[in-house]
Amino acid sequence: MSQSISVSWSTVDAKYPEASVQVDKLPNHDLILRCQAGLRPDRVAFAELLRRFQSQVDRVLYHLAPDWADRADLAQEVWIRVYRNINRLQEPAKFRGWLSRIATNLFYDELRKRKRVMSPLSLDAPRSLEDGEMDWEIAGDTPGPEEELTTREFYEQLREAIADLPEVFRTTIVLREIEGMAYEEIAEITGVSLGTVKSRIARARTRLQAHLQNYLDS
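Here the sequence shown stands for residues 1 to 218, numbered as in UniProt numbering.
Written out as structure tokens, the structure reads:
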């Protein structure tokens, strides 16, 4: 699991006097209201909010990008976005889902950027060498690089398939499959009916299965 990330306060340029109230004693709802009270979030209150929910951001990004070396940078960017936009959150009770949505959207934005600059790797295409070409297949009794690449390619395709989902589907499937939330909790966070949540998850799974059918059949 990824290590905890410390946000650089110079990045968000937060300069506030220390709060006299012990923010660690406040419930989440009141803590969020305190962060929304001024033009910018109270620094002490926001630091406490980060402390309480950092593990959630780490967990979401770990499941989405376990092999990314820059997850710490993504986690910091998540909290910068939270800091800048927390006043837009109208219902503090839905902070957890809102935070997951920021983390997932940031990840998929970054994934699309990388997809545009990286050429896809085809396991069917031979490697070009100075003295000719060589197939990827290497004889042996243990799993070779082709199998490892196939597994890696599958998860990359899965991430891209999720990235292509409409945001309402993407958020719902991440909350369910990555955050492990109950249908009722997702309905409360997203503000839609239980039936709508179940429908969105079913439709998201159908789309993902169709996108990955070639891998599932192999």
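All C-beta atoms, glycine included, are put in the ideal place defined by N, C-alpha and C. None of the values given here were measured: they were computed from a predicted structure.
Give, in chain order, every unbroken run of the alpha helix (DSSP H) that is at least 4 residues long and sits entirely within the UniProt domain "RNA polymerase sigma-70 region 2" (49-116). 71-85
Per DSSP, what kind of secondary structure is Ser4 in: helix, strand or coil? Counting from 1 along the sequence shown, the entry for residue 4 is found at position 4. Unreliable positioning characterises Ser4 in this predicted model, as indicated by a pLDDT of 49, which lies under 50. A coordinate reading is not provided.
Proximity winner among Thr104, Glu156 and Leu26, relative to Phe169 (alpha-carbon distances): Here residue 169 corresponds to residue number 169 of the sequence shown, with the count starting at 1. Ranking the options by Cα distance to Phe169, first place goes to Thr104.
Can you give the Cα-Cα distance for Arg200 and Pro166, rounded to whole angstroms? For the purposes of this step, residue 200 is taken as residue 200 along the sequence shown, with counting starting at 1. For the purposes of this step, residue 166 is taken as residue 166 along the sequence shown, with counting starting at 1. Taking the straight line from one Cα to the other gives about 10 Å.
Just the Cα atoms here: how many angstroms apart are Val44 and Arg84? Along the sequence shown, read from residue 1 onward, the residue named residue 44 stands at position 44. Along the sequence shown, read from residue 1 onward, the residue named residue 84 stands at position 84. If I take the Cα positions, the gap works out to 15 Å.
Using a 10 Å radius around the Cβ and a threshold of 16 neighbouring Cβ atoms, would you call Asp70 buried or exposed? The residue given as residue 70 occupies position 70 in the sequence shown. Asp70 comes out exposed.
Given this structure, state the Cα-to-Cα distance separating Arg96 from Ile189, to the nearest angstrom. Translated into positions along the sequence shown, residue 96 becomes position 96. Translated into positions along the sequence shown, residue 189 becomes position 189. Using only the alpha carbons, I get a separation of about 8 Å.
Same chain, Cβ closer than 8 Å to residue 265, neighbours up to 5 away in sequence not counted: Coverage of the chain is limited to positions 1 through 218, which leaves residue 265 absent and any answer about it impossible.
With DSSP run on the structure shown, which of helix, strand or coil describes Ile162? Here the question's residue 162 lines up with position 162 in the sequence shown. Correct three-state label for Ile162: helix.
So the candidates are Lys113, Gly180, Asn87 and Gln157; which of them puts its Cα closest to the Cα of Leu39? As a position in the sequence shown, residue 39 is number 39, starting the count at 1. If we check each option's Cα against that of Leu39, Asn87 comes out closest.
Candidates Ala202, Lys25 and Leu111: closest to Arg51 by CA position: Locating residue 51 in the sequence shown gives position 51, where the first residue counts as 1. When only C-alpha atoms are compared, the closest one is Lys25.
Nearest candidate by alpha-carbon position, reference Asn28, set Leu89, Ala37 and Ala93: Mapped onto the sequence shown, residue 28 falls at position 28. For the residues Leu89, Ala37 and Ala93, the minimum Cα distance to Asn28 belongs to Ala93.
Cutting at 7 Å between CB atoms, please list the residues of its own chain near Cys35, excluding the five before and the five after it. Counted from its first residue, the sequence shown places residue 35 at position 35. Once the five neighbours on either side are set aside, the close Cβ partners of Cys35 are Pro41, Asp42, Ala45, Phe46, Leu49 and Ile86.
How long is the line joining the alpha carbons of His211 and Gly180, rounded to whole angstroms? Within the sequence shown, residue 211 is the residue found at index 211, counting from 1. Within the sequence shown, residue 180 is the residue found at index 180, counting from 1. When rounded, the distance between both Cα atoms is 23 Å.
For Ser100, which of Ile186, Ala202 and Val192 has the nearest alpha-carbon? One-based indexing of the sequence shown puts residue 100 at position 100. Per the Cα distances, Ile186.
Measure the alpha-carbon distance for Phe154 versus Trp98 and round it to whole angstroms. The residue given as residue 154 occupies position 154 in the sequence shown. The residue given as residue 98 occupies position 98 in the sequence shown. If you take the alpha carbons of Phe154 and Trp98, they lie about 28 Å apart.
Between the C-alpha atoms of Gln90 and Leu33, what's the straight-line distance to the nearest angstrom? As a first step, residue 90 must be located in the sequence shown, where it is residue number 90. As a first step, residue 33 must be located in the sequence shown, where it is residue number 33. Distance between the alpha carbons of Gln90 and Leu33 is about 10 Å.
Would the beta-carbon of Ala163 fall within 8 Å of that of Leu111? Taking the sequence shown and counting its residues from 1, one reaches residue 163 at position 163. Taking the sequence shown and counting its residues from 1, one reaches residue 111 at position 111. Cβ atoms of Ala163 and Leu111: closer than 8 Å.
According to the neighbour-count rule (16 or more other Cβ atoms, all chains shown, within 10 Å of its Cβ), is Ala204 buried or exposed? On the sequence shown, residue 204 is found 204 positions in, with the first residue counted as 1. Ala204 comes out buried.
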